[in-house]
Amino acid sequence: MDERFISNAEEDALGSELFGAVDNPVIQRLAVNWGRRATVKRGDPELLDMFDPALPDYPEGIVPFADHPTYQGLAPEQRAAILTWAMLALNRNTTYSETHVVNPAFDLILRGEFPGLWGEALEVALLQAVVDERYHILMHRMSSDVMRAKRGAHLLERELPLPYVSTRHGELVAQAPERWQRSLLTLAFSTTTELCIGAYLELLAKAADVQPMNVTIARLHRHDEVCHGSISGELLKTLYPQLNTEQQRFLVESLCVALTAYSANDYRAWEAIMRLVGVPGGTQMLRDCQSAGRTVLLRDYSGLHRVLSELDVLDAIDFDWSSVKVSDELPYVL
Numbered sequence: 014m015d016e017r018f019i020s021n022a023e024e025d026a027l028g029s030e031l032f033g034a035v036d037n038p039v040i041q042r043l044a045v046n047w048g049r050r051a052t053v054k055r056g057d058p059e060l061l062d063m064f065d066p067a068l069p070d071y072p073e074g075i076v077p078f079a080d081h082p083t084y085q086g087l088a089p090e091q092r093a094a095i096l097t098w099a100m101l102a103l104n105r106n107t108t109y110s111e112t113h114v115v116n117p118a119f120d121l122i123l124r125g126e127f128p129g130l131w132g133e134a135l136e137v138a139l140l141q142a143v144v145d146e147r148y149h150i151l152m153h154r155m156s157s158d159v160m161r162a163k164r165g166a167h168l169l170e171r172e173l174p175l176p177y178v179s180t181r182h183g184e185l186v187a188q189a190p191e192r193w194q195r196s197l198l199t200l201a202f203s204t205t206t207e208l209c210i211g212a213y214l215e216l217l218a219k220a221a222d223v224q225p226m227n228v229t230i231a232r233l234h235r236h237d238e239v240c241h242g243s244i245s246g247e248l249l250k251t252l253y254p255q256l257n258t259e260q261q262r263f264l265v266e267s268l269c270v271a272l273t274a275y276s277a278n279d280y281r282a283w284e285a286i287m288r289l290v291g292v293p294g295g296t297q298m299l300r301d302c303q304s305a306g307r308t309v310l311l312r313d314y315s316g317l318h319r320v321l322s323e324l325d326v327l328d329a330i331d332f333d334w335s336s337v338k339v340s341d342e343l344p345y346v347l
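Numbering-wise, this note's numbering comes out as the position in the sequence shown, counting from 1, plus 13.
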């Protein structure tokens, strides 16, 4: 094995370099097929040509207060502005998560933080995934830029709070005293994101009568994430048996925290949007939604559920699976 990819065992390295290379058929096939399947290997979509000013920028059906009388009573212009800000929030959340959680997790593996996770096909697949994620960041940035150009220069992402999932990850990493804990936290949050983000993107990718530009970006992004979910699932299943009891327990706890954070409807963002749009009664409307239990953004968590089931740790995950969708279908590639 290349010495560049082995961590110093005296620095809290995880796993065993003797466990074996993670060059299983799934990862090998994904690495070989990247040139044909990856969005970044295709021509750039003509986003400006796709933009339709008459269509909403975000699906109204997945807004948690879409049926609330306050929202229903708003002028069409205000409702449209809320949906534009919602799409800006999605773009910002995506780019921030890819930058501060997902790519750092891939980098940890590539530089040998988990010695049991190595192999030529794995290294190639992860390098490809890093390129994919950078392109996703660019696509979502372009979406926000186009909306700003077409809807108004006042639509600035910095007016929105940082995404809850990423800030929660940052808080936990800052509190963790050991290097191995920080590494496993990052891996847990990244794995949860990669196995779950596809279902969220699908809500937009399959939405009818929504901005074609944003639908196209969501569809292209989701296409790549199906493959990334496969890689992340295989990595988790390979690493977990190598960990000692304390590390296994910590990883399971981290996955639970990550899942809870990821599934939450980020009402901090909605509160900011109510203020930015100037919605009378907006704060009370959000309180009503939270009181009604609309705290979970309904997404399909079948991928993560399946991986945790295969690891036989579902009983150790303190999460209400009835609050989200779990199907028997495998949402990632075998």
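Glycine residues also receive a C-beta, built at the ideal position from the N, C-alpha and C atoms.
Secondary structure note for T97: its alpha helix (DSSP H) is the uninterrupted segment 89-110. Here the C-alpha atom of A93 lies approximately 16 Å from the C-alpha atom of M226.
A direct Cα-to-Cα measurement between R195 and A187 gives close to 8 Å. Excluding the 5 residues flanking it on each side, L175 has same chain C-beta neighbours closer than 7 Å at Y109, in chain order. Leaving aside the five residues that flank L121 on each side, the residues in its chain whose CB is nearer than 8 Å to its CB run, in chain order, F127, S196, T199, L200. Beyond the five residues adjoining it in sequence on each side, L123 comes within less than 6 Å, by CB distance, of L139 in the same chain, given in chain order. DSSP places A277 within a strand segment (E or B) once states are collapsed to three. By the beta-carbon neighbour count (other beta carbons within 10 angstroms, threshold 16), W334 is exposed.
Exposure of H167 is indicated by the presence of fewer than 16 other C-beta atoms within 10 angstroms of its C-beta. Taking P72 as the centre and dropping the five residues before and after it, the same chain places the C-beta of L216, L217, A220, V223 closer than 7 Å to its C-beta, in chain order. The C-alpha of V326 lies about 16 Å from the C-alpha of L208. Here DSSP, grouped into helix, strand and coil, assigns D222 to coil. Ranking F332, A285, R300, R147 by CA distance to the CA of K54 puts R147 first.
In this structure S304 is exposed. Its beta-carbon is surrounded by fewer than 16 other beta-carbon atoms within 10 angstroms.
Membership of W334 in any alpha helix (DSSP H) is not indicated, and neither H nor E is assigned to it by DSSP. When DSSP reads this structure, D325 sits in no beta bridge, so it has no partner.
Counting along the chain, K54 sits inside no alpha helix (DSSP H), nor does DSSP assign it H or E at all.
In the assembly as shown, Q141 is a buried residue. Its beta-carbon has 16 or more other beta-carbons within 10 Å. Within 10 angstroms of the beta-carbon of T258 lie fewer than 16 other beta-carbons, which makes it exposed.
D301 sits in a helix when the DSSP states are folded into three classes. Within the segment 121-189, complete beta strand (DSSP E) segments of at least 3 residues are not found at all.
Residue nearest to P190 within the set L68, F263, I75 is F263 (criterion: CA-CA distance).
Nearest Cα to V265 within the set L151, L214, T205: T205. Here DSSP, grouped into helix, strand and coil, assigns D65 to coil.
In terms of CA proximity to R232, A51 leads the group N46, Q41, P82, A51. Each residue's CA atom was taken as its position, placing E170 and R300 some 24 Å apart. Within the same chain, L268, L327, I330 come within 8 Å of L321 by CB-CB distance, once the 5 residues on both sides are set aside. Going by C-alpha positions, A102 is about 13 Å away from V178. One Cα belongs to V76, the other to A282, and the distance between them is close to 12 Å.
Between T97 and D62, the CB-CB gap reaches or exceeds 8 Å.
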